[in-house]
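Chemist: Here the sequence shown is numbered in this note's numbering, starting from 98 and rising by one per residue.
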Amino acid sequence: MTTHTMFDGRLQLYRRADGKTWQCAARVGGERFRESTHETELARAKDVAEEWYLGLRGQLRNGEIVRREKTFGEAAADYMRHARVLAASVRSPAYVKNMELRMNANVLPFFGKKPLSQVNRGFVQTYRVQRAQETIEKTLAKALAGIAKDEAAALEIAASPEERATIQAKAAEARTKAKGKPPARSTMNHEMVLIRQVLKHAEGMGWLSHLPNLEMPYKSLSKRERRAWFSPEEYKQLYKATGDKAKQAGGRRGWAERYEDLHDFVLFMANTGLRPDEALRLEFRDVVIEKDYATQQTILVIDVRGKTGTGYCKSLPGAVHPFKRLRDRRIKQLQNPPKVWPRRSRSQKPVRHRPLPVQAEPRALLPTDRLFPTFNRDAFNAILAEQGLKYDRDGRVRTAYSLRHTYISMRLMEGANILQVANNCRTSVKMIEEHYAAHIKDRLDAAAINVKRPAAARKAAKRSARSLSQDGGSGAAPPP
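#1: Write down every uninterrupted run of the alpha helix (DSSP H) in the region 375 to 444 whose length is 4 residues or greater and which is fully enclosed by it, in chain order.
#2: Within this structure, are the beta carbons of Leu371 and Ile396 separated by less than 9 angstroms?
#3: Grouping DSSP H, G and I as helix and E and B as strand, with all else coil, what is Tyr498?
#4: Is Gly406 closer than 9 angstroms to Ala367 when the C-beta atoms are compared?
#5: With DSSP collapsed to three states, give me the class of Pro279.
#6: Under the assumption that Cys410 contacts Thr369 (Cβ atoms under 8 angstroms), give the Cβ distance between them as a whole number of angstroms.
#7: Using a Cβ distance threshold of 8 angstroms, determine whether the region 343 to 362 contacts the region 505 to 522, with at least three qualifying pairs required.
#8: To the nearest angstrom, how far is it from the Cα of Lys297 to the Cα of Ala172?
#9: Taking C-beta to C-beta, are Pro279 and Thr232 nearer than 9 angstroms?
#10: Take the Cβ of Gly572 as the centre, count every other Cβ of all protein chains shown within 10 Å, and call the residue buried at 16 or more, exposed below.
#11: By how many angstroms is the C-alpha of Val204 removed from the C-alpha of Val384?
#12: Assuming Ala140 is part of the alpha helix (DSSP H), what are its boundary residues?
#13: Taking all protein chains shown into account, do 16 or more other C-beta atoms lie within 10 angstroms of the C-beta of Lys342, making it buried, or fewer, making it exposed?
#14: Quick check on DSSP: helix, strand or coil for Pro576?
#15: Name the two residues that bound the continuous beta strand (DSSP E) containing Leu311.
#16: So, at 7 angstroms on beta carbons, what are the nonlocal neighbours of Glu147 in its own chain, with the 5 sequence-adjacent residues on each side left out?
#17: Buried or exposed for Thr99, going by 16 or more other Cβ atoms inside 10 Å?
#18: What separation, rounded to the nearest whole angstrom, lies between the Cα atoms of Ser184 and Tyr192?
#19: Asp144: which of Leu108, Glu166, Ala552 and Val125 sits nearest, CA to CA?
#20: May I have the straight-line CA-CA distance separating Arg51 from Arg158, to the nearest angstrom?
#21: Look at the Cβ atom of Lys167, then the Cβ atom of Trp304, and state whether they are nearer than 9 angstroms.
#22: Residue range of the alpha helix (DSSP H) that Arg129 falls in?
#23: Just reading off the beta strand (DSSP E) that Arg124 is part of, what are its end residues?
#24: Keeping to the same chain, check which residues put their C-beta closer than 8 angstroms to that of Arg154; ignore five residues upstream and five downstream.
#25: Would you say Arg188 lies against chain C (beta-carbon separation less than 9 angstroms)?
#26: Indicate whether the contact test is met: 3 or more Cβ pairs, each with one atom in the region 326 to 341 and one in the region 499 to 507, closer than 8 angstroms.
#27: For Arg131, which residues in the same chain have their Cβ closer than 7 angstroms to its Cβ, ignoring the five residues on either side in sequence?
#28: Taking only the alpha-carbon atoms, compute the straight-line gap between Glu253 and Asn478 and give it to the nearest angstrom.
#29: So, does the region 351 to 367 touch the region 521 to 532, judging by three or more C-beta pairs under 8 angstroms?
#30: Just tell me which of Glu387, Val401 and Phe381 has its CA closest to the CA of Pro373.
#31: Going straight from the alpha carbon of Phe169 to that of Gly301, what length do you get?
#32: Considering only their Cβ atoms, is the gap separating Gly277 from Glu248 smaller than 9 angstroms?
#33: Could you give the C-beta distance for Arg218 and Asn310, rounded to a whole number, given that I count them as a contact under 8 angstroms?
#34: Considering only residues of the same chain and omitting the five flanking positions on each side of Val494, which have a CB-CB separation below 8 angstroms?
#35: Go ahead and label His578 buried or exposed: buried means 16 or more other beta carbons lie within 10 angstroms of its beta carbon, across all protein chains shown.
#36: According to DSSP, is Met302 part of a helix, a strand, or is it coil?
Below is the structure:
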């Protein structure tokens, strides 16, 4: 292919090997244009191409050709490419993966082809409305499908016509009361953060002149809510229930040690205030039993690694005994390891006889062994459900994290310094004041609130107020 350039390379004139006429191509306003000159001679083709190119420049100046700008989809693709590389050192792979899932599932199908300058507050509000409508329709359809499934299952068991009529009436009533649910507040917040990050990236790359205001209209202030915790009475009920399970093995053969571990986990968490992931990462070398100089109490000093990096935690004395029980139990388990049945691979051909269990070699406890190799979440939730503690009075779900909330709340109830509690729990004073301290009655000083002046001072204040009112009514000035 023969090629010639004009206007410092901004206009290309070319002819293909199997063609007779010359073609011209140029990029104007960010768009690529191509045209045939319909000329076979090079000199005449150059004149035609020059006139064609200058005509395009004139159209661009007059506004007939709009400069092509980046779309949201292109900016999002470039942002994700940067995020995969730069966020890998400061964010977990799961964070980047979740970001990609949100982007591909909801954000890009709506914003992908939109030019960046047209992504404004009104367009984002349209996205919020459409997102809510679609989610409400999906959840309503799912609820109706569940009602129909339950109705069909009940009708199969029903014996009499009266029973069938009752089932159908209840199902009809359930259909009328069924409602769809909009996306959760946290879900929409995550998506708004993602949209804002893409727009910030576009502004930084020079593709967007300014960031639009994406604040949601009609937005109410979020209430300060207490984290789901166990009151002192509920916590006592919980650890008694786990203790009974540990003594009786929950009525299940071979589960004694599992319930003992669960019981010690509850006590350990409520006396240290660790996050569940921090507790599950603990190794025996991270925990030291010490006698505190200030309180003269035996406590645990824990080297914590988790959400906020590396930090230290000093436990309550109540965590020492569960830790010793855990350590002794681990030593006993390692000295007499149980037989383990090998897992059968699905890829292997089925065999007639199951392989014999494998006996592990006895060994000593290592500093790198975990305190809690596993956490039986199902058993913990079952105990909460049996004791009626799975939900608090406001309907919030209680989990293993609630033991941390219990520790912080009880420390504040005992009058502990809020800054020291924040440092020990590796969180901020603001978080504790917002989600814990505002809901603790012991943080209020009744002596400072219910103040009364002495009787003599009250009488003097009444006399002065009476005299001022009389002087004001007569219009005379008070004597000097």
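Don't be surprised by glycine CBs; every beta carbon is placed ideally from N, CA and C.
Modeler: The short version:
#1: 417 to 432
#2: What you label residue 371 is simply residue 274 of the sequence shown in a count that begins at 1. What you label residue 396 is simply residue 299 of the sequence shown in a count that begins at 1. Their beta carbons are not under 9 angstroms apart, which means Leu371 does not touch Ile396 by this criterion.
#3: By one-based count along the sequence shown, residue 498 stands at place 401. Residue state, collapsed to three classes: helix.
#4: In the sequence shown, residue 367 corresponds to position 270, counting from 1. In the sequence shown, residue 406 corresponds to position 309, counting from 1. No, the pair does not count as a contact, with Cβ atoms beyond the cut-off.
#5: The count along the sequence shown starts at 1 and reaches residue 279 at position 182. Note: Pro279 maps to coil in three-state DSSP.
#6: Here residue 410 corresponds to residue number 313 of the sequence shown, with the count starting at 1. Here residue 369 corresponds to residue number 272 of the sequence shown, with the count starting at 1. The pair is a contact, with the Cβ atoms about 6 angstroms apart (cut-off 8 angstroms).
#7: no
#8: Translated into the one-based positions of the sequence shown, residue 297 becomes position 200. Translated into the one-based positions of the sequence shown, residue 172 becomes position 75. Cα to Cα, the separation comes out at about 10 angstroms.
#9: Indexing the sequence shown from 1 puts residue 279 at position 182. Indexing the sequence shown from 1 puts residue 232 at position 135. In contact: Pro279 and Thr232 (Cβ atoms closer than 9 angstroms).
#10: Within the sequence shown, residue 572 is the residue found at index 475, counting from 1. Unreliable positioning characterises Gly572 in this predicted model, as indicated by a pLDDT of 46, which lies under 50. The coordinate reading is nonetheless provided below. By the 10 Å Cβ count, Gly572 comes out exposed.
#11: By 1-based counting over the sequence shown, the position of residue 384 is 287. By 1-based counting over the sequence shown, the position of residue 204 is 107. Rounded to whole angstroms, Val384 to Val204 spans 46 angstroms at the Cα level.
#12: As a working mapping, residue 140 is identified with position 43 in the sequence shown. Element bounds for Ala140: Leu139 to Arg158.
#13: As a first step, residue 342 must be located in the sequence shown, where it is residue number 245. By the 10 Å Cβ count, Lys342 comes out buried.
#14: Indexing the sequence shown from 1 puts residue 576 at position 479. Residue placement at Pro576 is poorly supported in this model, since its pLDDT is 48, which falls under 50; the coordinates still yield a value, given next. Note: Pro576 maps to coil in three-state DSSP.
#15: What you label residue 311 is simply residue 214 of the sequence shown in a count that begins at 1. Neither: Leu311 is in no beta strand (DSSP E) and is coded neither H nor E.
#16: Numbered from 1 along the sequence shown, position 50 holds the residue referred to as residue 147. Cβ neighbours of Glu147 beyond the five flanking positions: Met103.
#17: In the sequence shown, counting from the first residue as 1, residue 99 sits at position 2. Under this definition Thr99 is an exposed residue.
#18: If you number the sequence shown from 1, residue 184 lands on position 87. If you number the sequence shown from 1, residue 192 lands on position 95. According to the sequence displayed, residue 184 carries Ala and not Ser. Looking at the two C-alpha atoms, the distance is approximately 9 angstroms.
#19: The sequence position of residue 144 within the sequence shown is 47, counting from 1. For Asp144, the nearest C-alpha among the options comes from Leu108.
#20: There is no way to answer for residue 51, as the model of the chain reaches only from 98 to 577.
#21: In the sequence shown, the residue the question calls residue 167 occupies position 70. In the sequence shown, the residue the question calls residue 304 occupies position 207. Against a cut-off of 9 angstroms, the Cβ pair of Trp304 and Lys167 comes out as a contact.
#22: Position 32 of the sequence shown, counted from the start, is the residue given in the question as residue 129. Element bounds for Arg129: not the alpha helix (DSSP H) but the beta strand (DSSP E), Glu128 to Ser133.
#23: Taking the sequence shown and counting its residues from 1, the one referred to as residue 124 is at position 27. Gln120 to Val125 is the extent of the beta strand (DSSP E) around Arg124.
#24: Along the sequence shown, read from residue 1 onward, the residue named residue 154 stands at position 57. The residues are Val125.
#25: As a matter of chain content, chain C is missing from the structure shown, which is built from one protein chain.
#26: yes
#27: By 1-based counting over the sequence shown, the position of residue 131 is 34. Hits under 7 angstroms: Gln120 and Ala122.
#28: On the sequence shown, residue 253 is found 156 positions in, with the first residue counted as 1. On the sequence shown, residue 478 is found 381 positions in, with the first residue counted as 1. Roughly 32 angstroms separates the two Cα atoms.
#29: no
#30: For this step, residue 373 is matched to residue 276 along the sequence shown. For Pro373, the nearest C-alpha among the options comes from Val401.
#31: Counting from one through the sequence shown, the residue named residue 169 turns up at place 72. Counting from one through the sequence shown, the residue named residue 301 turns up at place 204. Rounded to whole angstroms, Phe169 to Gly301 spans 14 angstroms at the Cα level.
#32: Residue mapping note: residue 248 aligns to position 151 of the sequence shown, counting from 1. Residue mapping note: residue 277 aligns to position 180 of the sequence shown, counting from 1. No, Cβ-Cβ distance for Glu248 and Gly277 is not below 9 angstroms.
#33: Reading the sequence shown from its first residue, position 121 is the one you call residue 218. Reading the sequence shown from its first residue, position 213 is the one you call residue 310. Right, the Cβ-Cβ distance comes to about 5 angstroms (below 8 angstroms), so this counts as a contact.
#34: Position 397 of the sequence shown, counting from 1, holds the residue named residue 494. Cβ within range, chain order: Ala325, Lys487 and Tyr488.
#35: Because the chain here runs from 98 to 577, residue 578 falls outside it and cannot be looked at.
#36: Position 205 of the sequence shown holds residue 302. In the structure shown, Met302 sits in coil (DSSP, three-state: anything other than H, G, I, E or B).
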